[in-house]
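Those protein sequence lines, which keep their order, are chains R and U.
FYI, this note's numbering numbers position 35 of the first sequence as 35, with every residue one higher than the one before it.
Heads up, this note's numbering is the position in the second sequence plus 388, with the first residue counted as 1.
Glycine included, C-beta positions come from ideal geometry on N, C-alpha and C.
Notes follow the structure.
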Amino acid sequence: MSEYAVRNNDGNSVGIVEKRTFTFAEPPDTMALESGVKLGPINIAYETIGQLNADRSNVILITHALSGDSHVAGYYTEKDKKPGWWEIMVGPGKGIDTDRYFVVCANILGGCMGSTGPSSINPASGKAYGLDFPVVTIGDMVKAQKALLDHLGIKKLLAVVGGSIGGMQVLEWSLRYPEMVTAAIPLATTTRHSALAIAFNEVGRQAIMADPNWNRGNYYDGPRPNLGLAVARMIGHVTYLSDESMRQKFGRRLQDKRDFSFNFDADFQVESYLRHQGSKFVERFDANSFLYITKAADYFDLKNQHGAGSQVEAFAKAQAKFLVVSFTSDWLYPTYQSKAMVKAMKKNGLDVSFCEIKADCGHDAFLLPNARLASLIKGFLERVQLES
Amino acid sequence: MKTDHKKMRFDLQLIADWIEPGSRVLDLGCGSGDLLFYLKKNKQVAGTGIENDEDKAAQCINKGLSVLQGDINEEVLDYPDNAFDYVILSQTLQQVYEPHKLISNLLKIGKKVIVSFPNFSNWRIRMQIFFTGYAPKSRQLPYEWYDTPNIRVITIKDFRRFVKKTGCRIINEVAINTHSHDRQGKIISFLSNLRATYGIFLIEKKDH
């Protein structure tokens, strides 16, 4: 995700931000997970941007996708080359205007960017959890975010916004804590993974688990399963692009050569690109977190978890105003999946807006500069703030 | 706020006058949302729009309207019965493949339905066929027979008969003389089927 973040040269940035950590479920307390396992203590890394207003009514929670983190916008230091992963959307005067709203973004439970996950130290053993970390769900991630908001004294969210797995958290928020969510903006997401999406995740997981360095998840004292994780990332990247975007970006062009090498080096630009993405990813991401988060995404099923098998029933709980956005070339979560959730919202008489943005860059379109998306979010947020 | 009123297409101005304040309104083919915006600001309606064009749907959402991008024939199927006080179908009926099916669906989800359409029996159109022998073109229907999206030829008399057959009734009707995007026009009360360029009807189920 953050490979898209580039330094903003127009100076229109939130500037320096600070990562904080909130700890809860400390002994004797624990947090009960959906699996029944009790977990604690739990750290949640989070960042806030903007000013909380007097009646605490301008809070926007941003939920990140698979490889994102709490660092949604701005820089940690003056020297930072890269801003947060949604710098293009979050900032003064931007789609999510930090002059108006108080933005909160937290690293998900199970992640590896400061929140408790498989790479954290297990207090029972004094070593990293590895596979002893319990399987967490999207619901568990949301529950942990709720604990953070309670700690911050926030009782109501003006909006929850997020794309992809972040979008799943948005939907989960709107059903798990309906009275707290004034508006919800699920982007490029789904209420349940298709077999296609599960299949790609499984291939990614298998790549990690096939790496001898993975060692059944117990690798924190030795070499890491970088090859496996890099391959998993390469597969992920294919699903985030589209036929059209790959044709335009790479075609069959060769990388720094005029002819085939007649060996297994990266001949094509697309190969070189994927290898580069893979090797960059392993520097900042934990392989076990990849396993846990993709599993949580595969388990997510709004229909079964909230509606006893009925999508319409599931959204009966919701009270939020929704803005649903899909992208034409997204083949990971195609438009028909967004339309299905819109249908269920309509049948419940919910206030819902929907737009399918024409974009040829695939699933990742929500992370790329897109004037249409920014203005949709901006207009929608202004309305819900006015009406609330 | 009256100035807003005059900024809208003439048929929309008349439609707006029929809407009770505070009602629930669904505008089909709402374009860039002029009518909904007016109704929201001036009549405090809870409005929803459906628009197939991404650009126009996005413009609506940007200005704070609740709008769904999609095909009207499909989108109307997802609402509960009587979800709206008014469902508006303005200048679109002539492009609908199955008008009968659509209108009965609208009468299900809306207590009242407002329909406006270009009147094909306007005297200029009649004269064109009579004297030239070609399929008529007008400022309201400016296409050739082979590229027109307007696949339904409707007259004001036709629509009255259609309403009767459908088992619903006309609450109000007005015939106007205006061009498709004009903000001005006049109401025609005499020989409307011959003189008007558009008809606007407010209909409801008989058993209502």
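Flag D441/U as yes if its beta-carbon sits less than 8 Å from any beta-carbon of chain R, otherwise no.
-> no
Hey, how far is the Cα of M246/R from the Cα of T189/R?
-> Roughly 21 Å between the two C-alpha positions.
Apart from the five residues just before and just after D360/R, which ones in its own chain have a Cβ nearer than 8 Å to its Cβ?
-> S242, E244, S245, Q248, T328 and S329
Same chain, Cβ closer than 6 Å to Q319/R, five either side skipped, listed in chain order = Around Q319/R: P178.
Can you find at least 3 beta carbon pairs, one from the stretch 154-165 of chain R and one from the stretch 59-70 of chain R, that sit closer than 8 Å?
-> yes
Short CB-CB distance (under 8 Å) between R383/R and chain U | yes
Compare the beta carbon distance of G91/R and S174/R with 8 Å and say whether it is the shorter of the two.
-> Contact annotation: G91/R and S174/R have beta-carbon atoms that are not nearer than 8 Å.
Do G587/U and F505/U have their CB atoms nearer than 8 Å?
-> yes
Taking only beta-carbon positions, decide if R372/R is within less than 8 Å of chain U.
-> At least one beta carbon of chain U lies nearer than 8 Å to the beta carbon of R372/R.
Does the Cβ of H151/R have 16 or more other Cβ atoms within 10 Å, making it buried, or fewer, making it exposed?
-> H151/R is exposed by the Cβ-count criterion.
F315/R and L350/R: beta carbons closer than 8 Å?
-> yes
Among H393/U, A434/U and N581/U, the one whose alpha carbon lies nearest that of G410/U = A434/U
Helix, strand or coil for R56/R per DSSP?
-> Coil, per DSSP.
Is any beta-carbon of chain R found at less than 8 Å from that of P468/U?
-> yes
Name the DSSP beta bridge partners of Q457/U, please?
-> E439/U
How should S261/R be labelled, buried or exposed, when 16 other C-beta atoms within 10 angstroms of its C-beta is the threshold for buried?
-> With fewer than 16 other Cβ atoms within 10 Å, it is exposed.
Spatial neighbours of A230/R within its chain, please: CB distance less than 7 Å, with the 5 preceding and 5 following residues excluded, ordered by chain position.
-> G278, S279, F281 and V282
Enumerate in chain order the residues of its own chain whose CB-to-CB distance from T48/R is below 6 Å, with the five nearest sequence positions on each side excluded.
-> So the qualifying residues of the chain are V104.
Who are the Cβ neighbours of M1/R in its own chain at under 7 Å, not counting the five residues just before and after it?
-> Reliability of the predicted coordinates at M1/R is poor, the pLDDT of 43 falling under 50, and no value is obtained from them.
State the DSSP-derived secondary structure class of F268/R, mapped to helix, strand or coil.
-> In the displayed model, F268/R falls within a strand according to three-state DSSP.
If we call anything under 8 Å between Cβ atoms a contact, is I42/R one with A144/R?
-> yes
Hey, is the stretch 196-204 of chain R in contact with the stretch 299-309 of chain R, meaning 3+ C-beta pairs nearer than 8 Å?
-> no
Endpoints, the alpha helix (DSSP H) within which N493/U is located = P487 to I497
Proximal residues of chain R, C-beta to C-beta of K451/U below 7 Å = Those within 7 Å of K451/U in chain R are G379.
Please list the partners that C355/R has in chain U, where partner means a Cβ-to-Cβ separation under 7 Å.
-> E442, A445, A446, I449 and Q457
Pick helix, strand or coil for D415/U, following the three-state DSSP scheme.
-> Assignment of D415/U by DSSP, reduced to helix, strand and coil, places it in the strand class.
Cβ-Cβ distance between L423/U and L453/U below 8 Å = no
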